[in-house]
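Single-structure report; data block below.
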Amino acid sequence: MPGTISFSPRSIYFHISTDKYNTSPAKDNPPVEDGGISNIFSVNILTKEEPYFSVKRDKCLNLNGQVNDTISSIPIYCRHIALFWMACFNESGGRIDYQQFTSRDAIGSHISVEESERVYQSPGAIHFVEDENWGSAIFDIFNEMKNHGDKFKALEVNTANHSLVLGLKIKNKPNGDMCVIYLYDPNHTATHQRVEYSIINQNKIKKLKANDFFDEKHKKSYGLVSDGVSIFIDRHKPMSISSIIRYPNNLFHPKVIHHAMSMGLTEIILKVAEDMQILKLMGDEMESLLAARNNDGYYGLAIALQNGHADTIQAYGELIKKAELNPDKIADILQAKVKIKLKEELKEAYVFGLSLALQNGHAHAIRVYGELLNANSAVFDHDKLVELLAAHSVDGAGHRLPALYLALQHGYADAVLAYGELLKAATLSLDETAILLAAKRFDNVPGLLIASNNGHSEAVLAYGKLLKNSCLTADKTAELLAAKNNDGVSALLIALQNGHDEVIRAYGQIINDLEFSPTETEQLLVARCESGLTGLFLALKYGQVNAACRYGELLRSAGLSPYNVAECLAAKGVDGQPGICMAYQNGDTDTMLLYAGLIDYAGVTAEEIAEHLSEEQKVYFLDVVNECQKITL
């Protein structure tokens, strides 16, 4: 007998980040080895007034990006490791148990990507710090700690493409308090740098610079060259929105704009827009400012879309309006098209900012982005606009995935609706609209099929609204709603097999709303794949009682002829055997009872259903139905 139909959902979570992780070896981030470490890391250990690594720990171990989360299989990058270290520091009063950081198993078992991302997206008190002003900022934070009686505090440190942690402690000593500074770099996973000053020498802290913690290779890799700007983030006090404690010396710096877009610091963007008229920037300089790329070339707008900072994107629109850039430059910036390299052996690929917003379900950001596109529609030629709306992402093997597919896969119904608004505002041909709505991944699996497979009923309903507003022909709309893969497996079939009764209910509502012809409706409801299996056969075989019951309601409300209803209820398998016979063989009395009720509810007889079976199957089927009806007595 045929087994269950299955296919890989190919979960995808591509995240453009501010991380720089070691790919060992990589041109822009060299392996951390003894020979590659500057003397800066080991000098003056006796006085401890210059940063040094402990000789007791392995400074060469680098597990950044080398371990996957045990639940989601997403790689654990430097932001995840850094935030876990920060949590350990805060929970233990500044003492770190490095057993949790010394192996792949330890990293994988202790760090949750989901929890780390939640913290990473949460607001905090922001300090903009230029490379030469690290010491000044740290000095001010120590003073704040003393004023509030705090003995320890850890802050997240983000360069333009890397995450670290700054741990600060005030230690009580007989000869006077000590100010102790820890710098944790996930690329040295199992250790940290340390430097300390007595309270009477704390002014020396002001002299510290980013250069004191990194050699030239690491500074370049982390984007700490050419007037680099980092942000220190203090999340000790819950906040509804981020607040800026320390402003940058130069607002009109691409990395300042990048950090503002990444963190949702709308205040910075509005201030830059307000003062735009005083800038005397040439075209390339203005383009560089607005592109706000980090050292890996990631646009600030792409990061804002990824993180869902709708208000910041709206403010960014004012920058675009006042910049008076060449239309082609504006189009490139608004596409927010990011070049990525997944593995050494793979060619470079591209990911769009819109794709990042859709895969994360940021509906409000998508709508604001749509307004930004509409306001600048004249800068796009037609092909570039269609490419933007497709907004392909890639999976771990480099296969292309449309943006709408990602939203449907994850069940982001409001994001699906927001995407529909983008399509409606665009001037597209019917063929272009159909291709974008099909949202087929590289192996021809449509987005609606994966949403049905995953049980995302609200996303299925949202997709139905996109179809209703599409102005496509009825047969093309029916084809998109069927959402078949290469084997003819449809969205309704997979919902019946998996028991997703709410998806079936949504499917029925869409069919009623779209008012198909009886022929189109019957073809959708029979849900038969290329091998001859029907969805109801699978539901009956595997005892999906609720799904089968919902399917019966769908049949009754669809207005089909008794002949077509009987054909659907025959529910034949590959060899023509009805699904109810499989339930009988399995001794599934609940399903047998349900089927007897379905026949009565649908208003057909067992004999009418039997007319759709072979002579060999008819007698057996009628005997089984008779057994089903006995259960009801």
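Just so we're aligned: 8 in full-length UniProt numbering is position 8 of the sequence shown, and the numbers increase by one with no gaps anywhere. Backbone N, C-alpha and C fix where the C-beta goes; we use that ideal spot for every residue, glycine too. Fair warning: this is a prediction, and the values are worked out from it, not measured in the lab.
Euclidean distance between Cα positions of residue i and residue j
{"i": "Gln-509", "j": "Glu-115", "result": "37 Å"}
{"i": "Glu-607", "j": "Ser-470", "result": "42 Å"}
{"i": "Lys-207", "j": "Leu-404", "result": "51 Å"}
{"i": "Val-368", "j": "Ser-262", "result": "16 Å"}
{"i": "Gly-587", "j": "Gly-573", "result": "18 Å"}
{"i": "Val-526", "j": "Leu-428", "result": "32 Å"}
{"i": "Gly-464", "j": "Leu-481", "result": "8 Å"}
{"i": "Lys-424", "j": "Asn-360", "result": "22 Å"}
{"i": "Glu-49", "j": "Asn-187", "result": "23 Å"}
{"i": "Pro-123", "j": "Ala-310", "result": "15 Å"}
{"i": "Gly-108", "j": "Asp-131", "result": "33 Å"}
{"i": "Pro-31", "j": "Cys-78", "result": "Because Pro-31 carries a pLDDT of 32, less than 50, the predicted location of this residue cannot be relied on, and no value is offered for it."}
{"i": "Lys-630", "j": "Ser-517", "result": "37 Å"}
{"i": "Leu-142", "j": "Glu-216", "result": "Checking the sequence shown, residue 142 turns out to be Phe, not Leu. Each residue's alpha carbon lies about 28 Å from the other."}
{"i": "Lys-468", "j": "Ala-506", "result": "14 Å"}
{"i": "Gln-497", "j": "Gly-535", "result": "6 Å"}
{"i": "Cys-581", "j": "Pro-562", "result": "21 Å"}
{"i": "Glu-196", "j": "Leu-155", "result": "17 Å"}
{"i": "Ser-242", "j": "Gln-523", "result": "53 Å"}
{"i": "Leu-279", "j": "Val-55", "result": "50 Å"}
{"i": "Thr-521", "j": "Val-165", "result": "59 Å"}
{"i": "Gln-99", "j": "Leu-449", "result": "44 Å"}
{"i": "Ile-37", "j": "Ile-181", "result": "Legend: pLDDT at Ile-37 = 31, less than 50; position of this residue unreliable, value from coordinates given subsequently. Rounded to the nearest angstrom, the two C-alpha atoms are 20 Å apart."}
{"i": "Glu-380", "j": "Gly-559", "result": "The residue you asked about is not Glu; residue 380 is Phe in the sequence shown. Distance between the alpha carbons of Phe-380 and Gly-559 is about 46 Å."}
Sequence-distant residues of its chain with Cβ nearer than 7 Å to residue i (five each side left out)
{"i": "Leu-281", "result": "Leu-289"}
{"i": "Gln-617", "result": "Gly-576, Gln-577 and Pro-578"}
{"i": "Leu-622", "result": "Ala-606 and Ala-610"}
{"i": "Glu-432", "result": "Val-386"}
{"i": "Ala-375", "result": "Gly-317"}
{"i": "Lys-337", "result": "Tyr-350 and Phe-352"}
Residue i in three-state terms, based on DSSP
{"i": "Asn-564", "result": "helix"}
{"i": "Lys-618", "result": "helix"}
{"i": "Ile-126", "result": "strand"}
{"i": "Val-604", "result": "coil"}
{"i": "Val-503", "result": "helix"}
{"i": "Ser-240", "result": "coil"}
{"i": "Ile-111", "result": "coil"}
{"i": "Met-145", "result": "helix"}
{"i": "His-282", "result": "Reading the sequence as shown, one finds Met at residue 282 and not His. If DSSP states are grouped into helix, strand and coil, Met-282 belongs with coil."}
{"i": "Leu-540", "result": "helix"}
{"i": "Gln-193", "result": "strand"}
{"i": "Met-411", "result": "Met is not the amino acid found at residue 411; the sequence shown has Gly there. Correct three-state label for Gly-411: coil."}
{"i": "Ile-76", "result": "coil"}
{"i": "Asn-68", "result": "strand"}
{"i": "Gly-223", "result": "coil"}
{"i": "Asn-374", "result": "helix"}
{"i": "Leu-325", "result": "coil"}
{"i": "Ile-340", "result": "strand"}
Close Cβ partners of residue i (< 6 Å) along its chain, the five nearest in sequence each way excluded
{"i": "Ala-291", "result": "Tyr-299 and Ile-333"}
{"i": "Met-276", "result": "Lys-322"}
{"i": "Phe-101", "result": "Thr-189 and Ala-190"}
{"i": "Arg-441", "result": "Leu-401 and Tyr-405"}
{"i": "Lys-59", "result": "Phe-53, His-188 and Thr-191"}
{"i": "Phe-84", "result": "Ile-111"}
{"i": "Asn-68", "result": "Pro-75"}
{"i": "Ile-303", "result": "Met-261 and Ser-262"}
{"i": "Glu-117", "result": "none"}
{"i": "Ala-210", "result": "Asp-131, Trp-134 and Leu-224"}
{"i": "Gly-447", "result": "Leu-404, Tyr-405, Leu-408 and Ala-439"}
{"i": "Val-445", "result": "Asn-485"}
{"i": "Thr-266", "result": "Asp-311, Thr-312 and Ala-315"}
Anticipated Cβ contact below 8 Å, residue i with residue j, distance rounded
{"i": "Cys-179", "j": "Ile-199", "result": "7 Å"}
{"i": "Arg-235", "j": "His-127", "result": "Actually they are not in contact, since the Cβ atoms of Arg-235 and His-127 sit about 12 Å apart, beyond 8 Å."}
{"i": "Thr-312", "j": "Ile-269", "result": "6 Å"}
{"i": "Ile-366", "j": "Ala-438", "result": "At roughly 19 Å, the Cβ-Cβ gap does not stay under 8 Å, so Ile-366 and Ala-438 are not in contact."}
{"i": "Lys-271", "j": "Leu-251", "result": "6 Å"}
Check: residue i C-beta below 6 Å from any heavy atom of the ligand ATP
{"i": "Arg-556", "result": "Ligands are entirely absent from the displayed structure, and the ligand ATP is therefore not among its contents."}
Beta-carbon contacts of residue i that lie in its chain and below 8 Å, excluding the five residues immediately before and after
{"i": "Asn-203", "result": "Phe-139"}
The stretch 106-114 touching the stretch 220-229, judged by at least three CB pairs closer than 8 Å:
no
The stretch 406-413 / the stretch 457-464 touching (three or more Cβ pairs under 8 Å):
yes
With a cut-off of 8 Å, do at least 3 Cβ pairs link the stretch 212-226 to the stretch 150-168?
yes
For the pair the stretch 537-548 and the stretch 580-594, tell me if three or more CB-CB distances fall below 8 Å.
yes
So, does the stretch 348-362 touch the stretch 382-402, judging by three or more C-beta pairs under 8 Å?
yes
Hey, is the stretch 486-505 in contact with the stretch 543-563, meaning 3+ C-beta pairs nearer than 8 Å?
yes
Can you find at least 3 beta carbon pairs, one from the stretch 485-498 and one from the stretch 519-538, that sit closer than 8 Å?
yes
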